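Below you'll find the structure, written out as structure tokens, and then a few comments.
Okay, here's the thing in structure tokens:
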């Protein structure tokens with residue numbers, strides 16, 4: 014197991030444990046919404062976003078107790094967006110990670126409220142003193158997360174994804190959609206980790222550049238996998254982009270063009286991290302992982 | 014027009030103007046969600062919550078530029094909760110303040126996303142430096158708002174309201190529901206205004222006690238109005254509580270008991286403010302208004 018694989022496994026376990034603590038089961042009338050929050054946020058997958066936050070903060074010798082909290086906050090935002098996305102009014106998805114989605118397990122009203130509560134709790138965690146003793150750092154992290162996840166970030170991307178005539182998108186349009194819908198939270202993850210670690214402005218700029226290229230590479234590889242893998246390997250339906258005549262990086266760049274663009278981005282990703290020396294090995298490993306993944 | 018009536022009119026106008034600035038119309042693919050946010054948040058009513066925040070901050074000579082931002086944040090939370098509450102999966106309400114609710118004017122997906130974006134933007138506004146130059150005050154306000162609006166606050170109250178067997182509630186159960194569903198944001202409003210104004214811990218405790226009694230009095234008067242007024246006066250269906258055999262303060266205390274409880278709370282409200290002298294006149298006026306209102 015290489016450096017990246019062992020660290021992402023380790024950080025995923027830390028995040029799982031911390032989320033379990035932030036989201037206790039409870040008796041009484043609030044038990045149902047508490048259970049729905051747990052259903053939507055626990056037993057997650059690789060926890061890539063928290064990994065990025067924790068690995069970025071590790072480079073500055075930040076105590077894990079702090080960076081795990083930043084990781085949990087971004088993961089709560091990610092999970093709330095999946096819960097709301099899966100609703101019948103949005104993507105109408107019955108399954109998520111092979112299990113019933115929150116509204117199937119509970120119901121639509123509970124899913125809406127559980128999502129709202131996770132979104133709110135993300136900001137509660139960031140505002141608490143345990144995240145960092147310096148209030149100025151805490152509010153900067155909260156501000157960056159709000160911008161990454163609101164109308165000018167993730168929510169805006171979901172809106173475009175639902176309503177824009179994507180088949181008419183050019184490369185700039187597809188890139189903007191990616192930048193908002195998935196890129197903004199990935200960008201925040203590395204940046205938030207750098208902030209909680211106390212990185213300099215130059216450090217933060219390098220982390221931001223890294224995460225922007227990483228997010229774009231991730232999406233291009235997603236498009237490649239959708240076009241080339243079967244459903245069993247992906248764990249979700251394959252070939253949907255072509256079927257829906259969706260503007261993807263494959264359609265716009267061709268398969269070879271998309272592959273070489275992804276490879277170029279991964280190289281650029283790693284180059285942004287040179288200033289951090291050996292301590293950046295886990296983040297560089299994430300870039301290789303994104304490029305080489307098969308599902 | 015008395016002190017309270019002129020000031021609440023003034024603060025409502027300030028909040029309307031500020032919200033209009035925070036929520037600009039925009040062209041392009043984000044225009045739809047921007048319009049939905051405006052539809053759900055502008056042209057609001059009395060703006061009682063922002064009034065409480067601004068009037069509390071005024072007692073400490075806080076610049077209105079700061080307290081209006083706290084007022085806008087709590088109003089965005091209030092408005093997002095109405096947008097999500099009105100969804101078919103929740104209360105299924107077609108009208109809000111006499112106009113189509115957001116999901117009727119747009120659609121369910123847009124209403125979900127507009128609510129999510131308003132919730133997120135509330136925390137963005139609080140995290141920005143313009144709210145207060147002292148980061149420690151800003152994060153405390155954000156923390157209080159997160160706690161007031163999340164699972165242990167407003168969202169939890171909505172969950173209880175939807176799922177608990179309310180007809181079986183005793184006085185403690187009805188009081189807890191009120192405390193969470195509407196009380197928590199009212200409590201935050203006065204407290205957040207006191208924090209941004211730089212009040213002492215004793216000041217904040219007095220404001221909190223005031224707002225807790227005010228919120229409870231508000232709910233009791235709501236129950237009284239539902240039982241005694243006609244739909245035209247209320248601007249919404251009347252007599253629904255009795256029809257649904259809902260546990261209300263009327264059912265539990267009787268009409269006379271409810272009226273004397275409300276009067277007692279209003280007196281207590283005002284007593285909590287004695288330490289602030291004449292500067293508390295607008296907040297005292299709010300307590301009288303809550304008691305005397307007819308709709």
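Residue numbers (the working numbering), protein chains in the order written: chain B, 14 to 308; chain E, 14 to 308. From the three backbone atoms N, C-alpha and C, an ideal C-beta is built for every residue, glycine too. All of these numbers come straight from a predicted model, not from anything done at the bench.
Check, Outcome
"Chain B contacts made by the stretch 155–175 of chain E, where a contact means CB separation under 7 angstroms", "155, 156, 159, 160, 162, 163, 164, 168, 169, 171, 172, 173, 175"
"Range covered by the alpha helix (DSSP H) that runs through residue 72 of chain B", "Here residue 72 of chain B belongs to no alpha helix (DSSP H), and DSSP marks it neither H nor E."
"Residues that residue 100 of chain B contacts on chain E, provided the C-beta gap is smaller than 7 angstroms", "125"
"DSSP three-state assignment for residue 108 of chain E, whether helix, strand or coil", "strand"
"Residue 303 of chain B and residue 230 of chain B closer than 7 angstroms at C-beta", "yes"
"Delimiting residues of the alpha helix (DSSP H) encompassing residue 149 of chain B", "148–162"
"Same chain, Cβ closer than 8 angstroms to residue 138 of chain B, neighbours up to 5 away in sequence not counted", "35, 82, 85, 86, 89, 144"
"Candidates E:237, E:260, E:308: closest to residue 276 of chain E by CA position", "E:237"
"For residue 113 of chain E, the three-state DSSP class (helix, strand or coil)", "strand"
"Neighbour-count burial assignment, residue 226 of chain E, 16 or more Cβ in a 10 Å radius", "buried"
"Span of the alpha helix (DSSP H), counted from its first residue to its last, around residue 30 of chain B", "16–35"
"Short CB-CB distance (under 7 angstroms) between residue 177 of chain B and chain E", "yes"
"Buried versus exposed call for residue 264 of chain B [16 or more other C-beta atoms within 10 Å across all chains shown]", "buried"
"Top-ranked residue by Cα proximity to residue 298 of chain B, from B:288, B:308, B:307, B:279", "B:279"
"Beta-carbon proximity check, residue 163 of chain B vs residue 193 of chain B, cutoff 7 angstroms", "no"
"Residues in the stretch 40–74 of chain E having any Cβ partner in chain B nearer than 8 angstroms", "42, 43, 45, 46, 47, 50"
"Close-in-space but distant-in-sequence residues of the same chain around residue 45 of chain E (CB under 8 angstroms, 5 per side omitted)", "119, 123"
"C-alpha gap between residue 222 of chain E and residue 200 of chain E, whole angstroms", "8 angstroms"
"Chain E residues whose Cβ lies nearer than 9 angstroms to that of residue 110 of chain B", "Those do not exist, as residue 110 of chain B stays about 21 angstroms from chain E at its closest Cβ, beyond 9 angstroms."
"Which of helix, strand or coil DSSP assigns to residue 202 of chain B", "helix"
"7 angstroms Cβ cutoff, residue 136 of chain B in contact with chain E", "yes"
"C-alpha distance - residue 129 of chain E paired with residue 174 of chain B, whole-angstrom precision", "16 angstroms"
"Assigned secondary structure, residue 260 of chain B (DSSP; H/G/I helix, E/B strand, else coil)", "coil"
"Buried/exposed call for residue 273 of chain B, threshold 16 Cβ in 10 Å", "exposed"
"Contact with chain E by residue 192 of chain B, beta-carbon distance below 7 angstroms", "no"
"Proximity test, Cβ basis, 7 angstroms: residue 106 of chain B and chain E", "no"
"Selected residue, minimal CA-CA separation from residue 30 of chain B, among B:57, B:160, B:20, B:103", "B:57"
"Separation of residue 134 of chain E from residue 100 of chain E, as counted between CA atoms", "20 angstroms"
"Beta-carbon contacts of residue 126 of chain E that lie in its chain and below 6 angstroms, excluding the five residues immediately before and after", "46"
"Burial state of residue 340 of chain B (16 or more Cβ within 10 Å)", "The structure shown does not extend to residue 340 of chain B, since chain B is modelled only from 14 to 308, so the question has no answer here."
"Cβ of residue 14 of chain E within 7 angstroms of any chain B Cβ", "Note on residue 14 of chain E: pLDDT 47, under 50, position unreliable in the model; the coordinate value appears next. Chain B, which has no Cβ nearer than 7 angstroms to the Cβ of residue 14 of chain E, makes this no."
"Residue 236 of chain B - containing alpha helix (DSSP H), residue span", "214–241"
"Beta-carbon separation (whole angstroms), residue 73 of chain B vs residue 212 of chain B, contact threshold 8 angstroms", "6 angstroms"
"Continuous alpha helix (DSSP H) stretch holding residue 305 of chain B: start and end", "294–305"
"CB of residue 198 of chain E within 7 angstroms of CB of residue 140 of chain E, strictly", "no"
"Partners in chain B for residue 103 of chain E, counting only beta-carbon separations shorter than 9 angstroms", "121, 122, 125, 126"
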